[in-house]
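Residue numbers (UniProt numbering), protein chains in the order written: chain A, 1 to 332; chain B, 1 to 332; chain C, 1 to 332; chain D, 1 to 332.
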């Protein structure tokens with residue numbers, strides 16, 4: 001019998017339906033979230049959402065406790081819906097990241113052969129990544145956009161989605177798992193034009209849950225320039241360079257205000273509690289119209305770049321102590 | 001009677017079907033291309049294409065003489081398909097640009113009322129721009145992706161496209177012209193969340209047709225960094241700053257090689273024949289692994305930023321003459 | 001009757017003998033040092049010293065309480081003896097500055113006329129500043145170096161210095177006061193080639209006496225580069241630029257280690273207790289092999305440059321508060 | 001028999017009298033000037049001058065054909081008289097440089113012992129470099145300034161200079177050669193506080209004689225800023241950094257116009273005919289109020305710094321060719 005006062009399981013949204021790469025990211029996250037496991041917290045319940053915007057809205061409204069969303073693809077670039085939804089509205093913070101290799105299969109109902117395929121359904125981003133294969137192997141096939149890769153597979157499946165006969169395509173491009181789940185046969189494997197493609201997903205939460213520094217962390221921000229003066233971006237980047245902070249991603253995004261008005265979403269190495277990150281953030285805050293901090297979180301991959309001479313944590317501490325000594329003489 | 005040996009009309013591709021914003025851009029371009037008109041060249045024939053990638057492939061193959069494609073939207077940002085297709089493959093150059101205000105209408109077959117609408121068809125980019133209006137006025141409506149906004153309208157029309165009954169939606173979001181063309185009734189006008197949204201289209205050609213400088217020009221390039229060293233972007237931007245050249249757009253795009261490997265597509269003021277642009281291009285060429293020049297062309301809008309002291313054309317000429325005099329003494 | 005335990009008057013050294021521009025600087029300082037006057041401190045006793053190096057050595061040894069020394073001349077540049085003596089050895093700090101207009105007179109014993117003058121005695125720095133006048137009016141006169149301008153005048157005087165007959169020159173170049181003091185007649189007035197020449201003197205003290213900020217302050221430092229890499233100076237200057245701190249003087253000085261090994265003495269606007277100065281100093285400390293702080297003190301002239309947008313004191317405080325809030329969420 | 005119309009020997013000035021370090025520099029130059037030797041030019045006649053200003057004036061007036069003058073000392077720094085004389089007036093150019101180790105001896109008339117010495121004569125720059133030795137070995141000795149180190153030795157010698165009895169000092173500090181030449185005994189050898197001190201001399205000529213590039217060259221300039229804006233020096237230095245040009249010396253010098261108004265004399269690697277030097281000079285010319293080119297000449301020491309990636313001569317040539325190709329398409 002379950003205890004009356006047991007905390008309800010937290011709800012973690014993802015870009016559904018079941019079988020998406022985003023669900024794979026969440027599954028991977030939950031399997032390796034040792035911190036939560038040790039704390040004895042209840043296992044989160046995955047909740048499929050129909051769109052990034054919808055998932056983040058539900059998170060802001062308190063209907064979700066976290067949301068796993070794609071932020072960047074090694075082939076397609078930044079996921080604009082995610083970048084934009086994080087840049088405006090109530091503040092949300094990134095608390096973790098997961099890298100998922102993106103491997104596509106062409107699948108169809110059992111009995112369908114490659115020669116039978118005249119129309120292919122998939123998400124527009126996936127379509128962009130298999131164009132080369134399609135031109136080579138199915139040059140005459142029509143493209144039919146769907147809401148997700150998993151939805152394309154579901155559309156051909158039996159029990160779920162619209163009736164199979166209604167689907168205006170006879171093959172889907174999706175992750176292998178989605179094809180299996182819906183009882184489809186794989187016609188071709190690993191059809192992405194860019195082997196080694198990876199999508200980066202981030203787990204987003206409401207503010208107040210910043211993970212502790214691990215020594216290999218990332219911080220994300222959105223920077224809005226004070227005005228559109230030439231050299232403005234240069235001035236922003238110098239704030240990083242002066243403190244020896246390495247950027248790992250830079251995207252310009254229109255603010256929507258006017259053609260030519262941009263903000264910049266930037267990921268960089270380090271944690272908000274690091275000295276050099278703190279000073280960089282303060283510098284950005286001073287020269288930008290607005291700085292939106294999107295969180296500090298453990299990096300999914302690799303070792304951080306060794307700091308340049310003079311920018312290690314100890315260098316900052318030594319400089320701070322030295323200044324304090326100078327100032328103490330000034331205020332005696 | 002037409003002369004037997006008359007040159008055939010040039011073929012200009014655009015992102016179809018008829019009724020897209022892209023067709024509007026091409027129509028506007030043809031109406032104002034005084035240079036062509038004066039030269040007595042034959043009027044180009046508009047040719048609808050099913051995708052940006054397809055249009056540019058046809059251009060490279062010689063099946064088209066030019067192609068009008070979207071490159072940037074003031075709300076959604078860079079059009080990745082266009083940016084990527086220009087960055088690789090045989091070289092193409094931009095020879096002109098057109099700005100088109102983006103205004104959406106919600107339309108349906110005559111007799112349909114707003115209360116009847118349960119599913120809405122449109123292109124995913126358009127859907128992103130009307131989400132706010134939809135949440136407020138049609139919160140329960142399902143989204144159905146289509147290949148273009150014009151295709152969404154066509155899907156509901158009578159004579160063209162799939163049979164009306166087959167369209168899995170009962171209203172479309174498109175330009176007003178597309179709704180009219182397909183005999184639809186407008187249920188709501190100007191429903192974009194961001195009034196003043198503009199899309200920038202560029203006319204692309206095979207190399208060899210660079211327009212003459214007008215005094216108000218733009219140049220576009222794609223820059224591939226030599227290696228991913230911290231401060232690398234800073235070094236690129238200093239090449240512009242040192243010569244007083246103003247950037248009007250900067251987009252980072254993954255090269256696809258690996259997560260974290262980017263190239264940069266940059267637009268800036270000035271023409272390749274301008275002194276300060278020439279020196280900037282040479283500087284970029286030296287510090288980049290590769291520089292892909294995407295053309296110099298008349299700016300669609302506005303006056304160029306006045307050059308900073310010491311970076312006007314005359315300053316470059318004076319400096320060149322002075323250096324020549326110094327050197328003549330050195331080689332006597 | 002004087003109290004037994006009265007503090008002895010402090011001893012302030014200057015570059016003597018009496019009648020030098022340096023004595024004028026000290027006199028002016030003592031007349032306007034309101035802070036000391038209000039505190040009821042005893043009036044300092046001026047103590048002539050034979051050289052800058054000797055004065056600063058006596059200060060370090062505790063034989064003096066302060067020393068007024070020249071640091072910069074608007075015509076001749078930095079005073080290397082002072083710059084070097086401050087850069088090595090026990091630390092000393094600048095606690096104030098005085099600007100003294102430098103006006104020279106040609107003087108001789110009464111009865112001597114301009115036509116009689118065949119040799120002129122003065123300090124080599126003064127000689128450099130009257131060369132033009134000498135070439136025009138006394139082209140045949142020989143130059144005889146002396147230890148100071150005042151010593152040149154004293155050499156011609158009666159009661160002091162070497163016997164008049166022994167002086168190997170018959171006219172001196174000095175301040176008007178020194179000529180008068182030694183009973184000389186002025187043959188020509190204001191003979192400096194550069195009207196408006198000014199020498200900047202600084203009052204130096206042992207550490208522990210930093211004046212409070214006034215809102216119009218200067219700070220002086222000596223920077224030793226970590227290694228001689230190209231662009232090293234650029235990196236130092238960016239530490240100032242990033243925080244919007246204005247330099248008012250920059251001198252390179254050889255470290256003596258080898259040809260091409262330099263340190264930099266830099267004056268800049270602001271007080272060590274100012275936020276932007278503190279962050280700049282910490283940044284310099286990190287990228288330099290050594291930073292020697294030479295003090296913060298009220299500027300003798302003028303209004304400080306208005307801070308650039310984002311670099312005012314309030315901007316730094318706001319950024320610090322913002323960072324603290326971000327971090328508090330990270331350590332909850 | 002010598003031909004009647006033989007060209008007269010050229011006259012090369014130096015800072016005299018005989019026995020100075022400057023004469024040593026000229027002697028060394030003449031011994032190694034292979035270019036002149038091969039051309040069969042007549043051997044220059046050394047001409048002692050009483051001052052740097054005088055030597056350069058004679059050169060400008062055509063009374064000399066070249067002048068060897070000190071420009072920098074590894075201990076004392078820049079020689080202001082030389083820097084200033086080159087910065088204004090008719091243009092002169094540096095055509096070569098010589099490095100001379102500076103080793104001082106204390107010398108006196110035979111029979112004098114160290115214990116007898118009560119006053120020491122030398123040039124003020126030399127005095128500054130032996131202060132430490134003097135404080136340790138002759139703490140009570142008085143300093144007597146002289147016009148040069150050689151003049152100090154001459155003052156004690158028999159046949160030359162003023163009568164020995166008249167010299168107001170009993171020992172001199174000079175080069176060993178000057179002591180020997182005047183029949184003095186060396187009381188102490190190598191007494192400089194900084195072993196390894198070196199003075200850099202430059203051979204100056206009227207314009208029109210720039211030496212050909214050797215692959216290891218230097219170029220010298222004087223830069224006058226357009227106005228005193230904060231960050232102005234940073235902007236100048238970026239002109240070098242952008243082209244990968246290494247500075248080897250930077251001196252700020254007051255322009256004399258007002259306190260705080262500086263020009264910069266800068267030496268850097270490379271020859272005016274080098275691509276990267278040419279572009280740097282043009283860049284400086286554009287952002288400065290005035291650029292004074294002081295010549296390109298073979299470096300006396302060492303190998304040039306290897307160019308950074310992208311700044312080698314071949315990189316500049318490749319970039320220039322690439323730009324030409326782009327432009328040819330633009331003007332077809």
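No residue lacks a Cβ here, since even glycine has one placed at the ideal position from N, Cα and C.
Being a predicted model, the structure only gives us computed values, none of them experimental.
At 3 residues or longer, and completely inside the stretch 102-128 of chain B: list those beta strand (DSSP E) runs for me, N to C.
The DSSP assignment places 105-108 and 119-122 as complete runs of the beta strand (DSSP E) inside the stretch 102-128 of chain B, in order along the chain (cut-off: 3 residues).
Counted within 10 angstroms of its Cβ, other Cβ atoms place residue 325/A as buried (16 or more) or exposed
Exposed.
Which value, in whole angstroms, describes the spacing of the CA atoms of residue 96/C and residue 249/D?
Between residue 96/C and residue 249/D, the C-alpha separation is close to 31 Å.
Contact under 8 Å by Cβ, residue 116/A with residue 33/A:
Cβ atoms of residue 116/A and residue 33/A: not closer than 8 Å.
Using the Cα positions of residue 88/D and residue 304/C, report the straight-line distance between them to the nearest angstrom.
Cα to Cα, the separation comes out at about 31 Å.
As a quick exercise: from 260/A, 319/A, 186/A and 309/A, pick the residue whose alpha carbon is nearest that of residue 279/C.
Here the closest residue by C-alpha is 319/A.
Look at the alpha carbon of residue 296/A and the alpha carbon of residue 81/A, and state the distance between them as a whole number of angstroms.
For residue 296/A and residue 81/A, the distance between alpha carbons rounds to 21 Å.
Taking the C-alpha atoms as reference points, what is the distance between residue 155/A and residue 146/A?
Cα to Cα, the separation comes out at about 9 Å.
Along chain B, which residues have their Cβ under 7 Å away from the Cβ of residue 251/A?
Simply 252.
For residue 171/B, report the span of its beta strand (DSSP E) as first-last.
Counting along the chain, the beta strand (DSSP E) containing residue 171/B begins and ends at 171-174.
Per DSSP, which one or two residues make a beta bridge with residue 329/D?
DSSP output for residue 329/D lists no bridge partner at all.
C-beta neighbour in chain A for residue 237/B, strict 8 Å
Chain A contact via Cβ: present.
Does the stretch 139-153 of chain C come within contact of the stretch 107-121 of chain C, defined as at least 3 CB pairs closer than 8 Å?
When C-beta atoms of the stretch 139-153 of chain C are compared with those of the stretch 107-121 of chain C, three or more pairs fall below 8 Å, so the two segments count as touching.
DSSP state of residue 227/A, grouped into three classes?
Here residue 227/A sits in coil by DSSP.
Between the beta-carbon of residue 55/B and the beta-carbon of residue 69/B, is there less than 8 Å?
If you check the CB distance, residue 55/B and residue 69/B come in under 8 Å.
Does residue 281/B have its Cβ less than 8 Å from a Cβ in chain D?
So, interface residue.
Can you look up residue 99/B in the DSSP assignment and give me helix, strand or coil?
Here DSSP, grouped into helix, strand and coil, assigns residue 99/B to strand.
Looking at the C-beta of residue 11/A, does it have a partner C-beta in chain C at a distance below 8 Å?
Between residue 11/A and chain C, the shortest Cβ-Cβ separation is not below 8 Å.
When you compare each of 173/B, 294/B and 195/B to residue 185/B by their alpha carbons, which one comes out closest?
For residue 185/B, the nearest C-alpha among the options comes from 173/B.
Sub-8 Å separation of residue 176/C and residue 113/C beta-carbons
Contact: no.
Can you check whether the CB of residue 157/B is closer than 8 Å to the CB of residue 182/B?
Cβ atoms of residue 182/B and residue 157/B: closer than 8 Å.
Strictly below 9 Å CB to CB, what residues from chain A border residue 226/B?
In chain order: nothing, as chain A lies at least about 16 Å away.
Compare the C-alpha of residue 201/A against each of 18/A, 246/A, 110/A and 83/A and name the closest.
Cα-wise, what sits closest to residue 201/A is 83/A.
Per DSSP, the bridge partner or partners of residue 293/B:
BP columns for residue 293/B point to 221/B.
Answer yes or no: does any C-beta atom of chain C fall closer than 8 Å to that of residue 64/D?
The beta carbon of residue 64/D does not come within 8 Å of any beta carbon belonging to chain C, so the residue lies off that interface.
Neighbour flag for residue 313/C against chain D, beta carbons, 8 Å:
No, residue 313/C does not count as interfacial toward chain D.
Using three-state DSSP, classify residue 199/D as helix, strand or coil.
In this structure, DSSP gives residue 199/D an extended state, which the three-state scheme calls strand.
At the 8 Å Cβ level, is residue 8/A part of the contact set with chain C, yes or no?
For residue 8/A, the answer is no, since every Cβ of chain C falls outside 8 Å of its Cβ.
For residue 252/D, three-class secondary structure by DSSP:
DSSP, reduced to helix, strand and coil, places residue 252/D within a strand of the structure shown.
Confirm, please, whether the CB-CB distance from residue 241/C to residue 237/D is below 8 Å.
Remark: C-beta atoms of residue 237/D and residue 241/C do not approach each other more closely than 8 Å.
Under 8 Å between the Cβ atoms of residue 42/B and residue 9/B?
Contact: yes.
Does the Cβ-Cβ distance between residue 266/A and residue 198/A come in under 8 Å?
At the C-beta level, residue 266/A and residue 198/A stay beyond 8 Å of one another.
How would you list, in chain order, the residues of chain B whose beta-carbon sits under 7 Å from the beta-carbon of residue 53/A?
Near residue 53/A (Cβ distances below 7 Å), the residues of chain B are 131.
Residue 133/A and residue 143/A closer than 8 Å at C-beta:
No.
heavy atom of the ligand NAP below 7 Å from residue 138/C C-beta
Looking for the ligand NAP in the displayed structure turns up nothing, as the structure carries no ligands at all.
Could you give the C-beta distance for residue 178/D and residue 19/D, rounded to a whole number, given that I count them as a contact under 8 Å?
With a beta-carbon spacing of about 3 Å, residue 178/D and residue 19/D fall inside the 8 Å limit used to define contacts.
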